[in-house]
Every structure is written in C-alpha cells, then in structure tokens.
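To start, the structure under review is shown below, and the notes come after it.
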C-alpha cells in the first residue's frame, strides 16, 4: 500500500492513492496498516544491519554503520553522505618518476638563436625573452613556447652545420660552483627527416682554441632520449659517447632533468628513467651555460622542418 504525503503530512483521504472505482478503506484501517508496515520495516532493519556490514563494518554499506559488530555510526551521520575523508583530485605524484616543471620560465635566458639571418648566419637576439614572439619562437596563449625550424636551407650558427631555434642561459657558471639543474616538459610536434633533435644542452662559453663545445647534448632521436657526452675539454676535436637514457618515449609527452654537481657528476633523467656519468675534470674551469629548444640535427637542404613545444622549462643553481 502507498500513502501520499501532502505538505509533510500524511493525507487523511483514503482515496488519494487510488483511481476512481477502487475499493475504499476506512481511515482507521489505513492508519493501522501504515503502523504495521512501519513496525515491520523497523524490525527488518534491526535484524539485518549487522550482517550487511560483514560484522566489521568494512563493506562500506549502510548496514555496516551502527550494526552489531560493525562501526558505530557517528552522531552526525546522515544516510547517503560519506563520512570518509575527502581526497584531493588533480595532484598525482610518483607516477612516472617526474613530470617536469609546470610552466616555462624565461627569466633564466637572455639569448635566442633563430634559423634565419643575413648571409646564412643565424640571427641572435639578446634581451628579455618574454618580449619576443615570432614564427620561430612562438609564445602560445596557454604559456607554452613553440620552437620552429622551417624546411629548406636555413641559417646556421658559426661552426655548426645544423639550424636551430634555441634559447641560451643568461651568464655562465663553473662546475665547482654548486649544483646546476635544468628541467623541461615538451612535445615533439614535428620531427625532421633525420628524426633527431637536440632538446637540451650544457655548453662551453669559450672553449678550446676559441671553439666552444657542448659537454652534453640531450637528443630526441627516433623515439629515444639519448645523451651525447663529450670526452674532455682539452681538444677541439675531442670525441663523444652516447648514453641511452630512455627508449620508445611518447614524443608528445617528454620530460627531462639535467643536473651537474660540483664534483662533476652528471645526472640525467628522462620520462622516469635516469643515468649518471662522471664528466671529465678538464671541464672544471670551463664557463658553462644551459641551452634549450629545437636544435635540428639535419643539414640537408630539405630537412622536412621541425617543431618542438615546451610547456615547462626551468633553471636552478644551488
């Protein structure tokens, strides 16, 4: 039997829940039946409340609260509302060994090399990087920055065969000064035909015999993150050796962390994988600085073009 409720009161009209022609019952019979139903419901709740909670209240069901052997219900408990502590949504840690910085910080950079310029020489822009915005260094509305190298025989830096759109750190430092760290989060939007882009560097400011060399180049190379480490600083023709940091990474979701300590220990992490190498002591007096962006490793006249978007980039010195 159903009983209608009007403005919070039970209706005294025994016909309120029946269509015309239905059997009508006296008001007292309706009330007696209602009382009987309520007594039956209360009796059922008392006998079942302990069992539905598994005796320990661990099932999470309503019966586990206040039932025999279950967890006593808090005085302020309201059925239908969870009493468990609320978990914050939106912050996940430790899922991939590091996800990179959350924004691009241009404050640590003072120079930008572009793949255009007079006489085939790359243009260098010095100043406040946050004020620069063009087709090769595009600051996007969401705070990310896209570094683009177009297809074609583009301008290059002196001493290099490859084009670039790349930032250089403001100033320089020595290996023994402390710990220098650059971290980044980025996406390879378009790879050149060679499938090889340098996305981060530690570079010399002067170098041997006036030829600056990079002690470290961090490559995205055909799906892998590879560190190319220079053997020593004593020769302009010093060799290099490659260390694979991470294999088969998602080119749309790359993060890395480069850290050089005062003892020369170079720690490189990419997408949750990490490797350490001892940098040659010959770099001890070198003036070093970080570089980041799109240094396309393809010298062909038609390299296919490339684009890299950084959504996070930061430099720290401690």
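Residue numbers (UniProt numbering): 1 to 318. We put the CB at the ideal spot given by N, CA and C, even for glycine.
- When C-alpha distances from residue 264 are compared across 164, 283 and 305, the shortest belongs to 283.
- Segment contact: the segment 120 to 131 against the segment 294 to 307, fewer than three CB-CB distances shorter than 8 Å; contact not assigned.
- Between the C-alpha atoms of residue 203 and residue 141 there is a straight-line separation of about 30 Å.
- If you compare the alpha carbons of 133, 115, 145 and 110 with that of residue 104, the shortest gap goes to 145.
- For residue 182, the beta-bridge partners assigned by DSSP are 258 and 315.
- Between residue 304 and residue 185, the CB-CB gap reaches or exceeds 8 Å.
- At the C-beta level, residue 227 and residue 188 stay beyond 8 Å of one another.
- Between residue 274 and residue 191 a beta carbon distance of about 24 Å is seen, past the 8 Å cut, so the two are scored as non-contacting.
- Runs of the alpha helix (DSSP H) lying entirely within the segment 188 to 274 and spanning at least 4 residues: none are present.
- When the five nearest sequence neighbours on each side are left out, the beta carbons in the same chain lying within less than 7 Å of the beta carbon of residue 277 are those of 229, 243 and 266, in order along the chain.
- Around the C-beta of residue 281, fewer than 16 other C-beta atoms lie within 10 Å, and the residue is accordingly described as exposed.
- At a Cβ-Cβ threshold of 8 Å, residue 206 and residue 290 do not count as neighbours.
- Going by beta carbons, residue 288 and residue 256 fall outside the 8 Å limit.
- In this structure residue 160 does not touch residue 148 by the C-beta definition: roughly 18 Å separates them, more than the 8 Å allowed.
- Excluding sequence positions up to five before and after residue 143, its CB lies within less than 7 Å of the CB of 103 and 104, all in the same chain and listed in chain order.
- Here residue 237 is exposed, its C-beta having fewer than 16 other C-beta atoms within 10 Å.
- Straight-line measurement puts the Cα of residue 177 at about 32 Å from the Cα of residue 156.
- In the DSSP secondary-structure assignment, residue 278 is bridged to 265.
- One Cα belongs to residue 254, the other to residue 116, and the distance between them is close to 27 Å.
- The three-state reading of DSSP puts residue 168 in strand, counting E and B together.
- When the Cα atoms are used, residue 302 and residue 152 turn out to be separated by approximately 5 Å.
- Residue 279 and residue 285 have their C-alpha atoms spaced approximately 13 Å apart.
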